[in-house]
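Participant: Those letters in the sequence shown? Residues -27 to -1, 1 to 878, by mature numbering (1 follows the signal peptide of the UniProt record, and there is no 0). Built from N, CA and C at the ideal position, the CB exists for glycine as well. These numbers come from a predicted model, not from an experiment. Dropping a structure here in structure tokens format, bear with me for questions.
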Amino acid sequence: MVDPRNTVTFLVFSLFFLLSLFEPTFQQQQSSPRISTSELAALLQLRSSLGLRSKDWPRKVDPCAFWKGIKCENGSVVSINISGFKRTRLGRLNPQFSVQGLANLTLLTTFNASSFLLPGSIPNWFGDRLPALQVLDLRSCSVIGSIPFSLGNLTTLTSLFLSRNNLTGIVPASLGQLSRLTVLDLAQNSLVGSIPSSFTSLRNLSVLDISSNSLLGSIPLGIGTLYELRVLNLSSNNLSSSIPAQLGDLASLVDLDLSFNSLSGSLPSDFRGLRGLRRMILGNNFLGGSLTNNLFPTPIRLEYVVLSHNNFTGSLPNVLWSAPGLRFLDVSSNNLSGLLPNSSLNANATARVLNVSQNLFYGSPTPGLRRFSSVDLSWNFLEGDVLDYTPANASIESNCFQNLSNQRTVSECESFYADKGLRYEPPSSAQPPAIPETPKKKSNNRKKVIILAAVLGGVGLILLLAIFCVLILFCVRKRGTTTQRGVGVGPVPTSSTPPPGTSVNYSSVGDAFTFQQLVQATGDFSDSNLMKNGHSGDVFRGVLESGIPVVIKKINLSTVKKETHMVELEFFSKVSHARFVPFLGHCLENENEKFLVYKYLPNGDLSSSLFKKTNTEDGLQSLDWITRLKIALGAAEGLSYLHHECNPPLVHRDVQASSILLDDKFEVRLGSLSEVCPQEGDTHQSKITRLLRLPQSSEQGTATAICAYDVYCFGKVLLELVTGKLGISASGDGQIKEWLDQTLPCISIYDKELVTKIVDPSLIVDDDLLEEVWAMAVVARSCLNPKPSRRPLMRYILKALENPLKVVREENSGSARLRTTSSRGSWNAALFGSWRSMSDVTVIPATASSTKLEAGSGLKHSGTTGSQGSGQNGGGDHSSSYRRHSREIFPEPSSVQDVERADQD
């Protein structure tokens, strides 16, 4: 039997032993300083106002020891990092910029909330209640409002990150007081005004990024005194004037980006002082002058150079061509001329991309091209028999190469070389194939039989057509009330246009602004605020007294039609739809000048947003495919509303990239509405009458007041999205005829690989996304049919873009097919042309081997295998799903099916 006293003694000793093991831990916790009551209350308040989860900031524990992102020193909070944190369910319902608890953390040096949703304005007390703050990081937080002037009081601040938000207003000059600042990042907002001259006092600044805003004016002259500056990015603004020569004093500068502005003049010779420069991006400006060797620093360390879309002349500098570390060189779309440099480095010095397209280079390709893995020589005057020095994927079209397709004409090349005092050897003319002689001996009896059969067949056909027309006219009378939108589409919504003849009180449309308000908003309509000279008026950027950024169109009635502003006022009085530019008001005070005021859209228009600077390591580039498809869908929705939801149908008449405006989320808002008008002809004729093209039908191939004209123009916009070629939608048919002749044969519904020759090379797409690109190209080609009656209706285009994979994939299930399977439905489709077949799409015969175009525009594959597209059929075996026999592109219109049912009744 065990003695109970021994058991108790054993338990007591065991307890003391265990306590001795944990004694150091307890002593350590007691010796470490605890957070003060006031700071603990501040953190708990912050936890509640931001809706932070218990998983990250649990209650009833020491925040300094157990809360994520909290760092303490001597019992005080010195750093808070909630970057990427998720809110609680309740916190997600009403997220706000509510950080009052920070005001009690007087020793806080770092606050990082990047990528954490903070929709609201930065509190004004930030600059007064956080005296020790050194790092403030609010990137991608959805912050709105203006930058508080009080931030200039944070004299200890070293890094300020406010990029990728929705900040508006001007850049405060008080930021120039932050003498310790090393990083200032205000990129990708909607800031206006000019760059404060006080920035020249930031002598410790290493990174200055104010790109992708709406800044005006010139680059401050004193910026050359920021000797510690390593990164200067002012791209995608509206800066004008010339590049200050003082920039050449920035010997520490590594990355310079001034692209997508309105800079003019020539490169200053002091650029030679940029001895550490590795990236120089000056594209899409109005810079000119000759590019000479003495403009570039020695030794040259440039790795990434973009000088495209400017007005540079002269030859390509040899020092630039032979830079040992060069990886990317783009001098396209200039007026450069001369021979390509012949210098080359050792075999190990290779570069990736060379683009000298759309210049005036001539002569033969040189061995120096071997160092580049991707070369674009298109649209020059290069000549020669063979291309020994270019890679297999080089783009070489529209040159003077001999015995190759898609080159300039012989006369054009001879004229160019003659102007240079040079001799051009044209390719030998190919002999035309012999035409076989047709047999001439035919019997008289056979001739008589053929003539008799033709006469009888013609008479029979005429009788059949007469009977058929009588039946159709009977149907027309029976359905005399059918609107243009067709049977089965539904009634016109109440938000559509009211009946013609309704009087409109123009003064009641939107708000009425005074002329003085608009003068103040635009700085007396100064040239620095001029955005563009539109065909219906000059467009200015401005900021109302309330701080709201606006766009103001100034219409001079002495130079434009007097009803121009009335067209838009009438449009906005009758049409209400989210796909049109937000209209704020007008000013009709002056007799000879009228003003229309719109909401400012931060991403401008498609023509300026398709290619923009990104913060990737390799520099530029363009909108991704998902965003491009989103833009195409938004524009199609707006046009479909005009064509099919308004009564009478309205025609936009100015569909191009510059008319497609984009808000902060790249949602489409159609602009340029001064040309909108009702469609020509009888808008109440039946669909059958219009499809049969009876005398009252509109069959004007070049008329602009028909919906088919909008469809044609929209097709050019789609091609611009697919190919990345700027200016296509703004050009007339004559200007782009040669380009279309080369591009359209690469769009075939039977061959996906053909389209890769014309796709924008900056797009990164996997196989599924490539199918969507292919589908959009097919839709674009159908829109460009030269016959207006054979172009698809906009509502069918919208449905095709909503389901792009159904355009190019064959459905497996009969029940899932988009079209009816009845023979009567097929007969109606064939007769009325409701289904767009390949014959409808064809403008120029397309074969897989008809031409070699854009060989250097190959796609970059992401390596992913899953579908990331927006189509509904994202998976499955693709190898057998491409269309092999189907000639159908768009869903069969419900109106045709309804007509069929009515006929059967």
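#1: Would you kindly work out how many angstroms separate the C-alpha atoms of Leu596 and Gly688, rounded to a whole number?
#2: Output yes or no for whether 7 Å exceeds the beta carbon distance between Ile528 and His538.
#3: Please confirm if the stretch 562 to 573 is in contact with the stretch 614 to 631, defined as three or more CB-CB distances below 8 Å between the two stretches.
#4: Go ahead and pull the three-state DSSP assignment for Arg274.
#5: Taking 7 Å as the cut-off, decide whether the C-beta atoms of Asn291 and Pro314 are in contact.
#6: For the stretch 702 to 761, which segments carrying the alpha helix (DSSP H) assignment without a break, of at least 4 residues, lie completely within its bounds, in sequence order?
#7: Using 10 angstroms around the beta-carbon of Phe70, count the other beta-carbons present and answer buried if the total reaches 16, otherwise exposed.
#8: Which whole-angstrom value is the C-beta distance of Val304 and Ser281, which I expect to be below 8 Å?
#9: Applying the criterion that 16 or more other CB atoms from any shown protein chain within 10 Å of the CB defines a buried residue, is Lys779 buried or exposed?
#10: I need the DSSP call for Arg514, collapsed to helix, strand or coil.
#11: Report the three-state DSSP secondary structure of Tyr769 (helix, strand or coil).
#12: Going by C-alpha distance, which of Pro297, Leu299, Trp294 and Tyr335 is nearest Asn308?
#13: Quick one, are the C-beta atoms of Gly697 and Val641 less than 7 Å apart?
#14: Kindly provide the ranges of any beta strand (DSSP E) runs that are 3 or more residues long and lie completely inside the stretch 41 to 107, ordered along the chain.
#15: Which same chain residues end up closer than 8 Å to Glu201 when comparing Cβ atoms and leaving out the 5 residues on each side of it in sequence?
#16: Quick check: the Cα distance between Leu109 and Ser132, rounded to an integer number of angstroms?
#17: By how many angstroms is the C-alpha of Asp636 removed from the C-alpha of Leu25?
#18: Can you give the Cα-Cα distance for Gly341 and Val329, rounded to whole angstroms?
#19: His617 lies in the alpha helix (DSSP H); which residues open and close that run?
#20: Within 10 Å of its beta-carbon, does Leu247 have 16 or more other beta-carbons around it, so buried, or fewer, so exposed?
#21: Using only alpha-carbon positions, find the residue among Phe374, Thr61 and Pro270 that is nearest to Ser22.
#22: Less than 8 Å between C-beta atoms, sequence neighbours within five positions excluded: which residues of the same chain meet that for Gly520?
#23: Please list, in chain order, all residues of the same chain as Pro31 whose beta carbon is under 8 Å from its beta carbon, the five residues on each side excluded.
#24: Once you ignore the five residues that flank Ser235 on each side, which residues in its own chain have a CB closer than 7 Å to its CB?
#25: Whole-angstrom Cβ separation of Leu605 and Leu691, contact assumed at under 8 Å?
#26: In this structure, does DSSP put His559 in helix, strand or coil?
#27: Going straight from the alpha carbon of Leu742 to that of Pro777, what length do you get?
#28: Helix, strand or coil, according to DSSP, for Thr815 in the structure here?
#29: Along the alpha helix (DSSP H) that carries Leu23, what are the first and last residues, could you check?
#30: Using three-state DSSP, classify Cys114 as helix, strand or coil.
#31: Does DSSP classify Ser795 as helix, strand or coil?
#32: Round the Cβ separation of Tyr390 and Arg381 to the nearest angstrom and send it over; I've been treating them as touching at under 8 Å.
#33: Based on DSSP bridge pairs, tell me the residues matched to Ser368.
#34: Do the stretch 698 to 705 and the stretch 639 to 653 make contact, defined as three or more Cβ pairs closer than 8 Å?
#35: Whole angstroms are fine: how far does the CA of Phe498 sit from the CA of Leu207?
#36: Is it right to say Phe488 is buried, meaning 16 or more other beta carbons lie within 10 angstroms of its own, or is it exposed?
Facilitator: If we stick to the structure as given:
#1: For the purposes of this step, residue 596 is taken as residue 623 along the sequence shown, with counting starting at 1. For the purposes of this step, residue 688 is taken as residue 715 along the sequence shown, with counting starting at 1. Approximately 19 Å, taken between the alpha carbons.
#2: Taking the first residue of the sequence shown as position 1, residue 528 is located at position 555. Taking the first residue of the sequence shown as position 1, residue 538 is located at position 565. Taking 7 Å as the Cβ cut-off, Ile528 and His538 qualify as a contacting pair.
#3: By the Cβ rule, the stretch 562 to 573 does not count as touching the stretch 614 to 631, because fewer than three pairs are nearer than 8 Å.
#4: Here residue 274 corresponds to residue number 301 of the sequence shown, with the count starting at 1. Arg274: coil per DSSP, three-state reduction.
#5: Along the sequence shown, read from residue 1 onward, the residue named residue 291 stands at position 318. Along the sequence shown, read from residue 1 onward, the residue named residue 314 stands at position 341. Cβ atoms of Asn291 and Pro314: closer than 7 Å.
#6: Taken in chain order, the complete alpha helix (DSSP H) segments of 4 or more residues contained in the stretch 702 to 761 are 706 to 716 and 740 to 756.
#7: Position 97 of the sequence shown, counting from 1, holds the residue named residue 70. Its Cβ being crowded by 16 or more others within 10 Å, Phe70 is buried.
#8: Start at 1 with the first residue of the sequence shown, and residue 304 comes out as number 331. Start at 1 with the first residue of the sequence shown, and residue 281 comes out as number 308. Confirmed, Cβ separation roughly 6 Å.
#9: The residue given as residue 779 occupies position 806 in the sequence shown. Answer is buried; the Cβ neighbour count reaches 16.
#10: If you number the sequence shown from 1, residue 514 lands on position 541. Three-state result, Arg514: strand.
#11: Here the question's residue 769 lines up with position 796 in the sequence shown. In the structure shown, the three-state DSSP call for Tyr769 is helix.
#12: To locate residue 308, count along the sequence shown from 1; it is residue 335. When each option's Cα is compared against that of Asn308, the closest is Tyr335.
#13: Counting from one through the sequence shown, the residue named residue 697 turns up at place 724. Counting from one through the sequence shown, the residue named residue 641 turns up at place 668. No, these two residues do not count as a Cβ contact at 7 Å.
#14: Those beta strand (DSSP E) runs which fall completely within the stretch 41 to 107 and span 3+ residues are 43 to 46, 49 to 54 and 83 to 85.
#15: Along the sequence shown, read from residue 1 onward, the residue named residue 201 stands at position 228. Only Thr155, Arg176, Asn177, Leu178, Ser179 and Ser225 meet the Cβ criterion.
#16: Against the sequence shown, residue 109 aligns to sequence position 136. Against the sequence shown, residue 132 aligns to sequence position 159. It is roughly 6 Å from the alpha-carbon of Leu109 to the alpha-carbon of Ser132.
#17: On the sequence shown, position 52 is the one that residue 25 refers to. On the sequence shown, position 663 is the one that residue 636 refers to. Approximately 31 Å, taken between the alpha carbons.
#18: Position 368 of the sequence shown holds residue 341. Position 356 of the sequence shown holds residue 329. Rounded to whole angstroms, Gly341 to Val329 spans 13 Å at the Cα level.
#19: The sequence position of residue 617 within the sequence shown is 644, counting from 1. Where His617 is concerned, the enclosing alpha helix (DSSP H) stretches over Trp598 to His617.
#20: Reading the sequence shown from its first residue, position 274 is the one you call residue 247. In the assembly as shown, Leu247 is a buried residue. Its beta-carbon has 16 or more other beta-carbons within 10 Å.
#21: Taking the first residue of the sequence shown as 1, we reach residue 22 at position 49. Considering only alpha carbons, the answer is Thr61.
#22: As a position in the sequence shown, residue 520 is number 547, starting the count at 1. Correct list, in chain order: Ser119, Thr141 and Gly142.
#23: Reading the sequence shown from its first residue, position 58 is the one you call residue 31. Phe39 and Trp40.
#24: Residue mapping note: residue 235 aligns to position 262 of the sequence shown, counting from 1. Hits under 7 Å: Asn211, Leu212, Ser213, Asn258 and Phe259.
#25: Locating residue 605 in the sequence shown gives position 632, where the first residue counts as 1. Locating residue 691 in the sequence shown gives position 718, where the first residue counts as 1. The question names Leu, yet the displayed sequence has Ala at residue 605. Correct: roughly 6 Å between the Cβ atoms.
#26: To locate residue 559, count along the sequence shown from 1; it is residue 586. Strand.
#27: Here the question's residue 742 lines up with position 769 in the sequence shown. Here the question's residue 777 lines up with position 804 in the sequence shown. About 10 Å.
#28: Numbered from 1 along the sequence shown, position 842 holds the residue referred to as residue 815. Residue confidence for Thr815 is low, a pLDDT of 36 falling below 50, so the modelled location carries little weight; the figure read from the coordinates is stated next. Collapsing the DSSP output to three states places Thr815 in coil.
#29: Here residue 23 refers to the residue found at position 50 of the sequence shown. Residues Thr10 to Leu23.
#30: In the sequence shown, counting from the first residue as 1, residue 114 sits at position 141. It is coil, neither helix nor strand.
#31: By one-based count along the sequence shown, residue 795 stands at place 822. Confidence is the limiting factor: at Ser795 the pLDDT is only 31, short of 50, which leaves the residue's position unreliable and the question unanswerable from this model.
#32: As a first step, residue 390 must be located in the sequence shown, where it is residue number 417. As a first step, residue 381 must be located in the sequence shown, where it is residue number 408. That pair is no contact at about 11 Å.
#33: By one-based count along the sequence shown, residue 368 stands at place 395. Checking the DSSP bridge columns, you'll see Ser368 partnered with Asp349.
#34: In this structure the stretch 698 to 705 does not touch the stretch 639 to 653; the number of beta carbon pairs closer than 8 Å is below three.
#35: Start at 1 with the first residue of the sequence shown, and residue 207 comes out as number 234. Start at 1 with the first residue of the sequence shown, and residue 498 comes out as number 525. The straight-line gap from Cα to Cα measures roughly 24 Å.
#36: Working through the sequence shown from its first residue, we reach residue 488 at position 515. Under this definition Phe488 is an exposed residue.
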